[in-house]
Amino acid sequence: MICQKGETTMGSGITAKCEKCGFKLSLYSGIGMLYPQHYEEMILKLVSGGFGRGVERFYAEHDHVGVNFEEKIYHCEECNRYVTKPCLDMYVLDKPPRRNYAGWSSALPNGYYKCIMPDELEELPIGRKYIHRCYKCKKPMQEVNEREFLEQLDNGKIKCPKCGGKMSEPSLILWD
Ligand SMILES: [Zn+2]
Ligand SMILES: [Zn+2]
Numbered sequence: 676m677i678c679q680k681g682e683t684t685m686g687s688g689i690t691a692k693c694e695k696c697g698f699k700l701s702l703y704s705g706i707g708m709l710y711p712q713h714y715e716e717m718i719l720k721l722v723s724g725g726f727g728r729g730v731e732r733f734y735a736e737h738d739h740v741g742v743n744f745e746e747k748i749y750h751c752e753e754c755n756r757y758v759t760k761p762c763l764d765m766y767v768l769d770k771p772p773r774r775n776y777a778g779w780s781s782a783l784p785n786g787y788y789k790c791i792m793p794d795e796l797e798e799l800p801i802g803r804k805y806i807h808r809c810y811k812c813k814k815p816m817q818e819v820n821e822r823e824f825l826e827q828l829d830n831g832k833i834k835c836p837k838c839g840g841k842m843s844e845p846s847l848i849l850w851d
């Protein structure tokens, strides 16, 4: 079963295997149960430049920024590579976010805001879209919807990133 957005805070994933060379793909999407805690760790990484200067600067230049750290699947159309990465799209809030996740230990210095869930953010206009680039060919990667990926897998349209063979044997995973 694939979890629907908002139903539960559990991530889902897909594995598939190449019929020709045996290469196994494991892709994940969504957020886990520990997202609020994860959010704080990711903000600390962001403000210390761990996701690049562009993101770091945008965060510093705006008063109230929410970041979507939801895991998403990205595909390079150039070399056919699939990866799972945190989304990193940023949103500017007109007021500080509600601090409604009390109880989580906060590693954040004063002035940094606590967790805002991705579905709250996605209702806002986007402030800075993060372009994920393929580390091999440097081309922008496209976001892949898990449902579409599964359909294409069922139709034999997903090709092995290593040898171009047909990927099959899909299985679904839940993670938290
Ligand atoms: Zn293969
Ligand atoms: Zn590529």
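When you line the sequence shown up against my numbering, it's residues 676 to 851, in that order.
Ideal Cβ positions, reconstructed from N, Cα and C, are used throughout, including at glycine.
Predicted model, so just to flag it, every value in this text is computed and none were measured.
beta-carbon C696 near ligand 1 non-hydrogen atom, thresh 7 angstroms: The residue given as residue 696 occupies position 21 in the sequence shown. Result yes, Cβ under 7 angstroms from ligand 1.
Contact under 8 angstroms by Cβ, P836 with Y749: Along the sequence shown, one-based indexing puts residue 836 at 161. Along the sequence shown, one-based indexing puts residue 749 at 74. Their beta carbons are not under 8 angstroms apart, which means P836 does not touch Y749 by this criterion.
Ligand 2 heavy atom lying under 7 angstroms from the CB of K811: By one-based count along the sequence shown, residue 811 stands at place 136. Yes - ligand 2 has a heavy atom lying nearer than 7 angstroms to the Cβ of K811.
Proximity to E818 [Cα-Cα], best of Y734, Y710, Y805 and F726: Taking the sequence shown and counting its residues from 1, one reaches residue 818 at position 143. Selected option, being the one with the closest Cα: Y805.
Residue range of the unbroken alpha helix (DSSP H) whose run includes M717: Numbered from its first residue, the sequence shown carries residue 717 at position 42. Start and end: Y710 to V722.
Residues bridged to M685 [DSSP beta-bridge criterion]: For the purposes of this step, residue 685 is taken as the residue at position 10 of the sequence shown. DSSP lists no partner for M685.
For I718, the nearest candidate out of D764, E844, M816 and E795 (CA to CA): Within the sequence shown, residue 718 is the residue found at index 43, counting from 1. Checking every option, the nearest Cα to that of I718 belongs to D764.
Cβ shell of N775 (< 7 angstroms), same chain only, five flanking positions each side left out: For the purposes of this step, residue 775 is taken as the residue at position 100 of the sequence shown. With a pLDDT of only 43 at N775, under 50, the local geometry of the prediction cannot be trusted, and the value read off the model is given with reservation. Here the set comprises nothing.
Which residues DSSP lists as bridging N743, in chain order: Here residue 743 refers to the residue found at position 68 of the sequence shown. Answer is D764.
Where L799 sits in the DSSP three-state scheme: Along the sequence shown, one-based indexing puts residue 799 at 124. L799: coil per DSSP, three-state reduction.
Same chain, Cβ closer than 7 angstroms to K699, neighbours up to 5 away in sequence not counted: If you number the sequence shown from 1, residue 699 lands on position 24. If we look at K699 and ignore the five residues flanking it on each side, its Cβ neighbours are T690 and K692.
Inter-residue spacing [alpha-carbon to alpha-carbon] between E797 and G697: Along the sequence shown, one-based indexing puts residue 797 at 122. Along the sequence shown, one-based indexing puts residue 697 at 22. Each residue's Cα considered, the two are about 38 angstroms apart.
Heavy atom of ligand 1 within 7 angstroms of K837 beta-carbon: In the sequence shown, the residue the question calls residue 837 occupies position 162. Correct: K837 has its Cβ closer than 7 angstroms to ligand 1.
Backbone CA spacing between P815 and T759 [nearest angstrom]: Reading the sequence shown from its first residue, position 140 is the one you call residue 815. Reading the sequence shown from its first residue, position 84 is the one you call residue 759. Cα to Cα, P815 sits roughly 14 angstroms from T759.
Presumed contact (8 angstroms Cβ cut-off) between E695 and C838, rounded CB distance: Working through the sequence shown from its first residue, we reach residue 695 at position 20. Working through the sequence shown from its first residue, we reach residue 838 at position 163. Checking the sequence shown, residue 695 turns out to be Lys, not Glu. About 5 angstroms; that satisfies the 8 angstroms criterion.
Backbone CA spacing between G729 and F744 [nearest angstrom]: The residue labelled residue 729 in the question sits at position 54 within the sequence shown. The residue labelled residue 744 in the question sits at position 69 within the sequence shown. The straight-line gap from Cα to Cα measures roughly 16 angstroms.
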